[in-house]
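Undergrad: In our numbering, the protein residues as written are 8 to 431.
Glycine included, every Cβ here is placed at the ideal spot set by N, Cα and C.
The model shown is predicted, which means the values in this text are computed figures rather than measured ones.
Could you have a look at this structure, given as structure tokens, before my questions?
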Amino acid sequence: MIINCFFIIINGAAAYLLLQGMKKLIAVPKKRWKQAVLWGSCWLLLAMIIYMGDWANILPTVLFFLLVIRAVCEGSIWKKAAIGLMYASTILSFNVLRDNFVLTGYVRHDHPVVCMIIAGFLSLFAALCLYLPIRRHAPDRAYHLSDSLWKLLLLLNATPFGIVLSVVLLTTTEEERIWMEMPDGFKGYNILGLLLLSLLSFIGLFQAVIVLARQQQLEEQNMLAEVNQSYYAAMEQQHFAIRRLKHDLANHLAVAVTLPEAQREDYIKSLMEDSAFGRSLQYCADPVVNAVLTVKEEQMSRYGIRLEARIDIPKELPFEKTDICALFSNALDNAGEACRRLPEAEREVSVKSRAQKGLFCLEVTNPTVGAQKNLLLQTSKADKENHGFGLRSMKEVVERNRGAMEIRVEGERFEVFLYMPLEI
């Protein structure tokens with residue numbers, strides 16, 4: 008009884024480490040019952056005994072674990088499948104090594120107590136070896152990879168997992184007895200080598216996920232840096248224009264006084280059209296929003312697109328700067344791309360944003376007609392052109408920050424609306 012309790016406790020600690028590592032790679036809801044279900048599935052995964060030639064354990068365990076990941080965790084179905092299969096494959100391949108190469112001697116000589124103690128410590132060791140590298144190298148916040156990358160990772164996982172299944176399912180009980188009783192035999196080393204190679208392959212896939220996630224974060228940071236650089240360049244240009252205008256103001260006034268009234272009005276209007284008067288770089292109290300709007304307005308003006316911005320953000324937003332940049336940049340890029348396909352007279356984008364009463368809201372609208380409307384209506388599912396990856400990236404940011412996003416087409420207007428709670 009004491010040994011059973013000891014095994015349950017130490018295996019529970021190993022399952023906890025497995026769960027904490029999983030949280031670094033896939034979003035797990037904060038609801039306690041969901042975390043308890045996921046912890047239980049990790050416990051079952053670590054405790055499952057996998058013998059050669061045993062069909063009853065390995066496949067049902069994998070399917071059960073994948074179903075739990077599908078029901079409990081957040082993210083795309085491909086992300087859940089890839090992460091779930093990677094975890095299940097890694098632990099189960101370790102279980103095969105543990106149960107058939109380490110514990111077999113104790114089972115054969117009838118030492119169940121020693122067997123359970125060793126099994127518990129080995130499970131804890133495996134969970135710790137998986138948790139520590141993930142904790143150290145995983146990205147420090149949620150990340151987003153495209154479905155195509157998750158499909159590729161799932162496909163790469165299939166090969167070593169197929170090797171493990173083949174070793175376990177295609178080995179008969181008699182074959183197992185023969186090579187287990189002959190540890191120096193060639194066949195035993197072959198199987199051991201295949202299992203070790205498969206285990207190393209699974210570890211390599213975890214490393215690939217971490218590298219891709221960090222690369223995605225670097226790309227977001229580079230995008231933010233480029234926006235900031237363009238913003239400060241525009242700010243410097245405007246300051247130069249203001250200084251130039253201030254320096255020449257006396258001359259402009261002297262000229263205006265001497266002109267006839269009709270010409271004087273035209274002259275003053277031409278002065279008012281100077282970029283020093285007409286362009287605003289301060290939309291709100293958040294510097295990232297100011298930077299993105301300044302850069303996007305300049306880009307849109309090159310294509311004759313008018314940007315109407317109504318921003319009511321009285322203080323800096325409490326979100327990741329890269330998230331703010333991604334939301335505004337993707338929404339405005341999508342709207343600008345759609346407007347470029349319209350006659351210049353119809354090219355107009357409206358952006359409204361506010362941060363009040365505990366909510367941050369963003370609404371971006373642009374005109375769309377005819378075939379473009381049919382195309383844009385598909386973007387919430389799988390747009391293959393201008394509104395595809397950007398909207399998926401925005402949705403991932405919004406959901407990660409416990410918000411919601413809607414995509415609507417009303418009349419001749421395409422609209423993206425989202426909100427996120429300010430208290431995160």
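Between which two residues does the alpha helix (DSSP H) containing Ala352 stretch?
TA: Where Ala352 is concerned, there is no enclosing alpha helix (DSSP H), given that its DSSP letter is neither H nor E.
Undergrad: Between which two residues does the alpha helix (DSSP H) containing Pro67 stretch?
TA: Boundaries of the alpha helix (DSSP H) harbouring Pro67: 65-79, taken from the DSSP string.
Undergrad: Between which two residues does the alpha helix (DSSP H) holding Pro294 run?
TA: 294-308
Undergrad: Tell me Arg361's beta-bridge partners as DSSP assigns them.
TA: Asp319, Cys368
Undergrad: Quick check on the DSSP output: the beta strand (DSSP E) that includes Glu413 runs from which residue to which?
TA: 411-417
Undergrad: Does the region 70-80 touch the region 138-146, meaning 3 or more C-beta pairs lie closer than 8 Å?
TA: The region 138-146 makes no contact with the region 70-80; the number of CB pairs closer than 8 Å stays below 3.
Undergrad: Across which residues does DSSP place Val356 in a beta bridge pair?
TA: Assignment of beta-bridge partners to Val356 by DSSP yields Leu314.
Undergrad: Give me the DSSP bridge partner(s) of Arg420.
TA: Pro374, Glu417
Undergrad: For Asp154, which residues in the same chain have their Cβ closer than 7 Å to its Cβ, ignoring the five residues on either side in sequence?
TA: Ser83, Trp85
Undergrad: Can you look up Leu135 in the DSSP assignment and give me helix, strand or coil?
TA: Note: Leu135 maps to helix in three-state DSSP.
Undergrad: Using a 10 Å radius around the Cβ and a threshold of 16 neighbouring Cβ atoms, would you call Pro374 buried or exposed?
TA: buried
Undergrad: Roughly how many angstroms lie between the CA atoms of Gly397 and Ser360, to the nearest whole one?
TA: For Gly397 and Ser360, the distance between alpha carbons rounds to 19 Å.
Undergrad: Using 10 angstroms around the beta-carbon of Lys303, count the other beta-carbons present and answer buried if the total reaches 16, otherwise exposed.
TA: buried
Undergrad: Quick check: the Cα distance between Arg347 and Leu300, rounded to an integer number of angstroms?
TA: Rounded to whole angstroms, Arg347 and Leu300 show a C-alpha spacing of 18 Å.
Undergrad: May I ask you to report which of helix, strand or coil DSSP gives Pro140?
TA: In the three-state scheme derived from DSSP, where H, G and I count as helix and E and B as strand, Pro140 is classed as helix.
Undergrad: Does the separation of the CB atoms of Leu52 and Asn164 fall below 8 Å?
TA: no
Undergrad: Mapping DSSP to helix, strand and coil, what is Pro167?
TA: helix
Undergrad: With respect to the alpha helix (DSSP H) encompassing Gln42, which residues constitute its N-terminal and C-terminal limits?
TA: 39-54
Undergrad: Which stretch, first to last residue, makes up the alpha helix (DSSP H) that contains Ser96?
TA: 84-104
Undergrad: Following the continuous alpha helix (DSSP H) through Asn337, name the residue where it begins and the one where it ends.
TA: 328-346
Undergrad: Okay, do the region 324-332 and the region 349-358 touch, 3+ Cβ pairs below 8 Å being the bar?
TA: no
Undergrad: What is the DSSP secondary structure of Leu129, counted as helix, strand or coil?
TA: DSSP places Leu129 in helix when its eight states are reduced to three.
Undergrad: On a CA-only basis, which of Ser400, Asp273, Ile318 is nearest Ala333? Give me that one, please.
TA: Ser400
Undergrad: Which one of Ile56, Val103, Ile125, Tyr94 has the shortest CA to CA distance from Leu45?
TA: Tyr94
Undergrad: Which of the three DSSP states is assigned to Met230 in this structure?
TA: helix
Undergrad: Rounded to the nearest angstrom, how far is the Cβ of Ala220 from that of Leu152, given a contact under 8 Å?
TA: 7 Å
Undergrad: Mind checking whether Tyr138 and Gln27 have CB atoms under 8 Å apart?
TA: Contact flag set, yes.
Undergrad: Note down, in chain order, each residue of its chain lying with its Cβ closer than 7 Å to the Cβ of Leu135, except the 5 sequence neighbours on either side.
TA: The beta carbon of Leu135 is closer than 7 Å to those of Leu24 in its chain, skipping five residues each way along the sequence.
Undergrad: Closest to Leu131 by CA distance: which of Trp50, Glu419, Val404, Thr166 is it?
TA: Trp50
Undergrad: Under 8 Å by Cβ, that's how I've got Glu422 and Glu370 pegged, so tell me the actual separation to the nearest angstrom.
TA: For a cut-off of 8 Å, the C-beta gap from Glu422 to Glu370 is around 7 Å, short enough to register as a contact.
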